[in-house]
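S.K.: So that we are looking at the same thing, I have put the structure below in structure tokens.
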């Protein structure tokens with residue numbers, strides 16, 4: 011997809027840091043900058059979430075919990091969107107953390123639904139076949 015060009019002046023230290031991330035991730039300066047801006051905008055839209063590097067890539071997380079937003083929403087949806095049942099499954103989450111997840115889900119439902127589906131597809135049989143010798147049958 012072509013995107014319009016916009017000139018942006020960056021403080022020298024920002025440019026150095028973005029260059030470092032781009033080199034380490036083998037991506038372009040533009041790709042890294044766009045991803046950083048998008049993540050910052052999403053965190054501003056949904057206070058209480060943040061992004062972290064995980065083995066599978068960047069993941070949106072619930073601040074103060076270490077849980078992925080997809081994990082919280084998986085349990086919420088499994089509880090039939092009944093907050094009382096859900097709160098029993100994850101009592102360690104505050105009302106503000108749950109609200110942050112629900113707000114993020116309202117804005118990005120396809121992203122979260124896709125993560126839930128992808129993780130549900132990782133059955134023991136699939137993992138054993140994909141990582142033969144590394145995963146032993148239970």
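Numbering (this note's numbering), first residue to last: 11 to 148.
In this text, a Cβ means the ideal position worked out from N, Cα and C, and glycines have one as well.
Only a predicted model underlies this, so the values are computations on that prediction, with no experimental measurement involved.
Determine the DSSP secondary structure at residue 115, reduced to helix, strand or coil.
M.R.: Residue numbering aside, residue 115 sits at position 105 when the chain shown is read from its first letter. Three-state DSSP puts residue 115 in a helix.
S.K.: May I ask which residues mark the beginning and end of the beta strand (DSSP E) holding residue 39?
M.R.: In the chain shown, residue 39 corresponds to position 29, counting from 1. Taken as a continuous stretch (DSSP letters only), residue 39 belongs to no beta strand (DSSP E), being part of the alpha helix (DSSP H) at 39 to 55.
S.K.: Using the C-alpha atoms, what's the distance from residue 125 back to residue 47?
M.R.: Taking the first residue of the chain shown as position 1, residue 47 is located at position 37. Taking the first residue of the chain shown as position 1, residue 125 is located at position 115. Approximately 22 Å, taken between the alpha carbons.
S.K.: What does the alpha-carbon distance come out to for the pair residue 52 and residue 106?
M.R.: As a working mapping, residue 52 is identified with position 42 in the chain shown. As a working mapping, residue 106 is identified with position 96 in the chain shown. Taking the straight line joining both Cα atoms gives about 16 Å.
S.K.: According to DSSP, is residue 130 part of a helix, a strand, or is it coil?
M.R.: Counting from 1 along the chain shown, the entry for residue 130 is found at position 120. Residue 130: helix per DSSP, three-state reduction.
S.K.: Can you tell me the Cα-Cα spacing of residue 88 and residue 15, whole angstroms?
M.R.: Translated into the one-based positions of the chain shown, residue 88 becomes position 78. Translated into the one-based positions of the chain shown, residue 15 becomes position 5. If I take the Cα positions, the gap works out to 44 Å.
S.K.: Just how far apart, CA to CA, sit residue 112 and residue 18?
M.R.: Looking up residue 112 in the chain shown gives position 102. Looking up residue 18 in the chain shown gives position 8. Approximately 33 Å, taken between the alpha carbons.
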